[in-house]
Amino acid sequence: MNDKLVTSLLAALLLCGGCGSDDNDTEMPPVVTPPPVADSVDANEALAINLSLAEFDGASGALSFTLEDDAALAITNAKDYKITYFGFPEDGVTSRNAKAWKHWHVTQSFECDSSAGECEGVLVESEKGSYHFEATGLDWDRNTSDGSVKKYKVAIEIKGAMANNELVLLPST
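All residue numbers for the sequence shown refer to our numbering, where the first residue is 32 and numbers rise by one.
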């Protein structure tokens, strides 16, 4: 019977040969965290810039708009722009100036070249891809008779390093 006990102990020792050892033959794979899903793109990295006008008050020039690229990602950090306001008289009104066009208009532009630090007006990003612009110093009566501008339009160009939006003349809302 001692032979059976000795054989059993030897078998147990052989089976449990690695028990209690600090060697770990099976390595745990490293935890891979996927990158966050992008919901925005910087204006200077956007390959396309699409602008949607949300609000435009013609008399004050205040306007709100959103920017996104072709993949519907919000465009952030837009800083460079050219915004041109157009003022028109009421329909059917003509100028008394014989050299004026039949449908005269006045314009005022606001530009920003952030690299030069020269900006007219104030552009603020209120949330990712949503912007508000204040046209400080907009004066509709500067180049025409007082109170003659009654209809308003705006053209907004946002400039990125790789793309600009399509320039379109938009009416006031």
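Glycine is no exception: its CB is placed at the ideal position from the N, C-alpha and C atoms. Treat the numbers as computed from the prediction; the structure is a model and nothing was measured.
Here's a check: name, in chain order, each residue in its chain whose Cβ is nearer than 7 Å to the Cβ of residue i, leaving out the five neighbours to either side.
i, result
"proline 202", "Lys184"
"lysine 190", "Asp111 and Tyr112"
"phenylalanine 96", "Leu82, Ser83, Leu84, Ala85, Tyr162 and Ile187"
If you draw a straight line from the alpha carbon of residue i to that of residue j, how long is it in whole angstroms?
i, j, result
"phenylalanine 164", "alanine 90", "14 Å"
"glutamate 188", "leucine 104", "18 Å"
"isoleucine 114", "threonine 167", "12 Å"
"alanine 77", "serine 176", "43 Å"
"isoleucine 80", "aspartate 101", "7 Å"
Span of the beta strand (DSSP E) holding residue i?
i, result
"leucine 104", "Taken as a continuous stretch (DSSP letters only), leucine 104 belongs to no beta strand (DSSP E), as it is neither H nor E."
"histidine 163", "161-165"
"leucine 154", "153-158"
"glutamate 142", "137-144"
"glycine 118", "111-119"
"isoleucine 189", "182-190"
"valine 72", "71-73"
"serine 91", "Counting along the chain, serine 91 falls outside any beta strand (DSSP E), and DSSP gives it neither H nor E."
"aspartate 60", "Inspection of the sequence shows that residue 60 is occupied by proline rather than by aspartate. Looking at the DSSP string, proline 60 is not in any beta strand (DSSP E), and its letter there is neither H nor E."
"leucine 200", "200-202"
Considering only residues of the same chain and omitting the five flanking positions on each side of residue i, which have a CB-CB separation below 8 Å?
i, result
"serine 145", "Lys110 and Asp111"
Who are the Cβ neighbours of residue i in its own chain at under 6 Å, not counting the five residues just before and after it?
i, result
"asparagine 174", "Val137"
"phenylalanine 117", "His136, Thr138 and Lys184"
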